[in-house]
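**Student:** Take a look at this one; I'll ask things after.
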Amino acid sequence: MRLVVASVTGLLLVGGYLASLSAYFGGTAAEYSARIESSPVPMLSLVLFLAIVGMAFVPSKEVDPSEEEA
C-alpha cells in the first residue's frame, strides 16, 4: 500500500511539473495557475497528505532482516 501511495504521489508530482513547464513555455502560466487553484488539485493534495500521515502510524508488515533470529 505504501508503494502505491508513493507511486501515485510521484506520478502526480511529475505530471504537475511537466504541465507547469508546458504552460510556462506556452505563455499561459497565469491561466494555468488560476485553473489549478480552482480545480480539485488542492483537495487531492490534502487527501494524499492525510494518507501519508496515516500510514506513518500503521506498522509495516515486512520483516526486517536485522530483527530475525538466527
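Each residue of the sequence shown is one higher than the one before, starting from 2 at the first, in our numbering.
Idealized CB from N, CA, C, for every residue including glycine.
1) In chain order, what residues of the same chain have a beta carbon less than 8 Å from the beta carbon of residue 6, not counting five sequence neighbours either side?
2) Can you grab the Cα-Cα spacing for the pair residue 13 / residue 42, in whole Å?
3) Using a C-beta cutoff of 8 Å, does residue 24 count as contacting chain D?
4) One question on the structure: do residue 33 and residue 21 come within less than 8 Å of each other, judged by their Cβ atoms?
**Tutor:** So, to answer that:
1) As a first step, residue 6 is located in the sequence shown; it is residue number 5 there, counting from the start. Apart from sequence neighbours up to five positions away, the residues of its chain that approach residue 6 with a beta-carbon distance below 8 Å are 49, 52, 53 and 56, ordered along the chain.
2) Mapped onto the sequence shown, residue 13 falls at position 12. Mapped onto the sequence shown, residue 42 falls at position 41. The C-alpha of residue 42 is placed about 10 Å away from the C-alpha of residue 13.
3) Absence of chain D from the displayed structure is noted, only one protein chain being present.
4) Taking the first residue of the sequence shown as 1, we reach residue 33 at position 32. Taking the first residue of the sequence shown as 1, we reach residue 21 at position 20. In contact: residue 33 and residue 21 (Cβ atoms closer than 8 Å).
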